[in-house]
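Trainee: Got a structure for you, questions after.
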Amino acid sequence: MHTGQTIREAFAGASSFLRERGSDSPEFEAELLLRRLLGLNRTQLFMKMIEPFPADVAAQWSRWLERRAEGEPIQYIVGDQEFYGRVYAVNPSVLIPRPETELLVEGVLQEGKRLFGYEEVRVAEVGTGSGCISISLALEAPNWAVTTVDLSLEALEVARRNAAFYDVLERVSFVQGNLVEPLILQKDQFQIFVSNPPYISSNEMLALEKQVRAFEPHLALHGGDDGLDPYRLLCRDLCSWANLRLVAFEIGASQGPEVERLVQSIPGISKTEIRQDYAGLDRMVFGWRQL
Numbered sequence: 001m002h003t004g005q006t007i008r009e010a011f012a013g014a015s016s017f018l019r020e021r022g023s024d025s026p027e028f029e030a031e032l033l034l035r036r037l038l039g040l041n042r043t044q045l046f047m048k049m050i051e052p053f054p055a056d057v058a059a060q061w062s063r064w065l066e067r068r069a070e071g072e073p074i075q076y077i078v079g080d081q082e083f084y085g086r087v088y089a090v091n092p093s094v095l096i097p098r099p100e101t102e103l104l105v106e107g108v109l110q111e112g113k114r115l116f117g118y119e120e121v122r123v124a125e126v127g128t129g130s131g132c133i134s135i136s137l138a139l140e141a142p143n144w145a146v147t148t149v150d151l152s153l154e155a156l157e158v159a160r161r162n163a164a165f166y167d168v169l170e171r172v173s174f175v176q177g178n179l180v181e182p183l184i185l186q187k188d189q190f191q192i193f194v195s196n197p198p199y200i201s202s203n204e205m206l207a208l209e210k211q212v213r214a215f216e217p218h219l220a221l222h223g224g225d226d227g228l229d230p231y232r233l234l235c236r237d238l239c240s241w242a243n244l245r246l247v248a249f250e251i252g253a254s255q256g257p258e259v260e261r262l263v264q265s266i267p268g269i270s271k272t273e274i275r276q277d278y279a280g281l282d283r284m285v286f287g288w289r290q291l
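For the sequence shown, the UniProt record's numbering begins at 1 and goes up steadily by one.
Structure representation (structure tokens):
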């Protein structure tokens with residue numbers, strides 16, 4: 001059965017609808033949603049434009065368009081997001097992985113392999129989310145084992161599903177709790193610490209785009225009045241981690257100098273570096289410790 005309209009007509013109607021509802025890129029969004037709905041790549045979609053639009057997905061198509069018109073991120077609508085060359089399931093329990101965070105993963109892999117070569121390494125992560133950081137590290141460094149902590153049980157469930165999909169459950173452990181508190185008995189086992197903590201300030205939260213502010217989890221976004229609370233607490237607690245060699249944080253664009261000072265307060269840290277993202281903005285702080 002079909003709806004009486006072609007795929008091209010469905011695409012045109014969706015583009016007009018999203019434009020009327022305020023989309024900045026209605027054709028792009030309509031195409032992306034339509035490709036996902038029909039399971040087609042771009043070439044296949046345009047080859048099938050004159051074919052009838054299938055009736056069995058018409059109701060879902062209407063729901064998807066309405067959700068997007070309300071501002072819901074496309075990643076939540078289709079249920080996944082690409083990160084570091086792989087696809088991760090996402091839902092509103094987890095932050096949508098950003099391209100900038102790929103640079104954090106890349107930096108940790110580069111520095112970790114430089115420090116440890118092919119040795120077995122234990123990594124601790126705070127802020128699991130979808131699991132994109134911890135799973136990427138485990139997949140790219142088969143001799144690393146990662147323990148990752150999140151306060152949200154719902155986020156941990158999403159991350160576990162992603163880890164199961166990529167078959168790394170034996171090397172990625174998931175722990176529920178606040179920051180590094182659940183790791184206190186294991187702290188001397190870790191050589192690398194990495195985190196993309198909540199770093200949006202209270203004022204910045206008010207200025208976020210609607211699709212971020214209204215749909216993504218505030219627990220993963222809000223870092224206190226100035227956005228630095230998680231860094232203060234983490235750097236305080238990392239002072240007692242005896243075997244830590246590398247610390248890596250993702251940061252807000254204005255937070256580099258302050259987070260660098262906090263990392264420098266960890267005893268034994270001999271070198272720190274602020275690194276930039278694709279746009280040239282401060283986005284990471286790395287710290288190296290001599291034992």
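Heads up, the beta-carbon is just placed ideally off N, CA and C, and yes, glycines get one too.
Are there three or more Cβ pairs, one per stretch, closer than 8 angstroms when the stretch 184-197 is compared with the stretch 249-262?
Mentor: Touching, yes, given that three or more Cβ pairs across the two stretches are closer than 8 angstroms.
Trainee: Could you have a look at Lys48 and say whether DSSP puts it in helix, strand or coil?
Mentor: For this step, residue 48 is matched to residue 48 along the sequence shown. Lys48 falls in the coil class under three-state DSSP.
Trainee: Kindly indicate which residue of Gln255, Leu233, Phe215 has the alpha-carbon position closest to the one of Tyr76.
Mentor: What you label residue 76 is simply residue 76 of the sequence shown in a count that begins at 1. Of the candidates Gln255, Leu233, Phe215, the one whose C-alpha sits nearest the C-alpha of Tyr76 is Phe215.
Trainee: Relative to the C-alpha of residue 295, which residue among Gly117, Ser16, Gly112 is closest?
Mentor: The requested residue 295 is not part of the displayed model; the chain covers only 1 to 291.
Trainee: Could you check the C-alpha separation between residue 292 and Gln290 for me, to the nearest Å?
Mentor: Here the chain has residues from 1 to 291 only, and residue 292 is not among them.
Trainee: Candidates Gly85, Val94, Gly13, Lys48: which alpha carbon is nearest Glu106's?
Mentor: In the sequence shown, counting from the first residue as 1, residue 106 sits at position 106. Comparing Cα positions, the closest option is Gly85.
Trainee: Can you tell me where the beta strand (DSSP E) holding Ala89 begins and where it ends?
Mentor: As a working mapping, residue 89 is identified with position 89 in the sequence shown. It spans 86-89 - the beta strand (DSSP E) in which Ala89 sits, taken as one unbroken run.
Trainee: For the stretch 129-141 against the stretch 256-267, do three or more pairs of beta-carbon atoms, one drawn from each stretch, fall closer than 8 angstroms, so that the two count as touching?
Mentor: In short, these stretches do not touch, since the Cβ pair count stays below three.
Trainee: Could you pull the DSSP bridge partners for Ala242 from this structure?
Mentor: Stepping through the sequence shown from its first residue, residue 242 is reached at position 242. None; Ala242 has no bridge partner.
Trainee: How big is the Cα-Cα spacing for Ile96 and Glu29?
Mentor: The count along the sequence shown starts at 1 and reaches residue 96 at position 96. The count along the sequence shown starts at 1 and reaches residue 29 at position 29. The straight-line gap from Cα to Cα measures roughly 17 angstroms.
Trainee: Distance, Cα to Cα, Val87 vs Phe165?
Mentor: The sequence position of residue 87 within the sequence shown is 87, counting from 1. The sequence position of residue 165 within the sequence shown is 165, counting from 1. Their Cα atoms are separated by approximately 10 angstroms.
Trainee: Just mark Ile192 as buried or exposed, buried being the case when its beta carbon has 16 or more other beta carbons within 10 Å.
Mentor: In the sequence shown, residue 192 corresponds to position 192, counting from 1. Buried, because 16 or more other Cβ atoms sit within 10 Å of the Cβ of Ile192.
Trainee: Rank Trp288, Leu238, Pro99, Leu109 by C-alpha distance to the C-alpha of Pro142 and give the top, closest one.
Mentor: The residue labelled residue 142 in the question sits at position 142 within the sequence shown. Taking only the C-alpha atoms, the option nearest Pro142 is Leu109.
Trainee: Quick one: what does DSSP say Phe11 is sitting in, helix, strand or coil?
Mentor: The residue you call residue 11 lines up with position 11 of the sequence shown. Looking at Phe11 - three-state DSSP - the assignment turns out to be helix.
Trainee: Put Pro26 into one of helix, strand or coil per three-state DSSP.
Mentor: Locating residue 26 in the sequence shown gives position 26, counting from the first residue. Here Pro26 sits in helix by DSSP.
Trainee: Please say whether Leu185 and Val175 have beta carbons closer to each other than 9 angstroms?
Mentor: The count along the sequence shown starts at 1 and reaches residue 175 at position 175. The count along the sequence shown starts at 1 and reaches residue 185 at position 185. Going by C-beta atoms, Val175 is not nearer than 9 angstroms to Leu185.
Trainee: Are the CB atoms of Trp64 and Ala10 nearer to each other than 9 angstroms?
Mentor: The residue you call residue 64 lines up with position 64 of the sequence shown. The residue you call residue 10 lines up with position 10 of the sequence shown. No, Cβ-Cβ distance for Trp64 and Ala10 is not below 9 angstroms.
Trainee: Hey, out of Phe190, Leu38, Thr43, whose CA is closest to Val57's CA?
Mentor: Here residue 57 corresponds to residue number 57 of the sequence shown, with the count starting at 1. It is Leu38 whose Cα lies nearest to the Cα of Val57.
Trainee: Output the boundary residues of the beta strand (DSSP E) element that contains Gly112.
Mentor: Taking the first residue of the sequence shown as position 1, residue 112 is located at position 112. Note, Gly112: premise wrong, no beta strand (DSSP E); alpha helix (DSSP H) at 99-116.
Trainee: Indicate the three-state DSSP secondary structure (helix, strand or coil) for Arg21 in the structure shown.
Mentor: Locating residue 21 in the sequence shown gives position 21, where the first residue counts as 1. The answer is coil: DSSP assigns Arg21 none of H, G, I, E or B.
Trainee: Look at the alpha carbon of Ala12 and the alpha carbon of Gly4, and state the distance between them as a whole number of angstroms.
Mentor: Position 12 of the sequence shown, counted from the first residue, corresponds to residue 12. Position 4 of the sequence shown, counted from the first residue, corresponds to residue 4. Distance between the alpha carbons of Ala12 and Gly4 is about 14 angstroms.
Trainee: When DSSP labels each residue in this structure, what does Thr147 get in the three-state scheme?
Mentor: To locate residue 147, count along the sequence shown from 1; it is residue 147. DSSP places Thr147 in strand when its eight states are reduced to three.
Trainee: Between the alpha carbons of Ala55 and Val90, how many angstroms are there, rounded?
Mentor: One-based indexing of the sequence shown puts residue 55 at position 55. One-based indexing of the sequence shown puts residue 90 at position 90. Answer to the nearest angstrom: the Cα atoms are 27 angstroms apart.
Trainee: Hey, how far is the Cα of Val285 from the Cα of Val259?
Mentor: For the purposes of this step, residue 285 is taken as the residue at position 285 of the sequence shown. For the purposes of this step, residue 259 is taken as the residue at position 259 of the sequence shown. Taking the straight line joining both Cα atoms gives about 7 angstroms.
Trainee: Secondary structure at Asp282, three-state DSSP: helix, strand or coil?
Mentor: Against the sequence shown, residue 282 aligns to sequence position 282. Three-state result, Asp282: strand.
Trainee: Roughly how many whole angstroms lie between the Cα atoms of Asp225 and Thr272?
Mentor: Working through the sequence shown from its first residue, we reach residue 225 at position 225. Working through the sequence shown from its first residue, we reach residue 272 at position 272. The straight-line gap from Cα to Cα measures roughly 25 angstroms.
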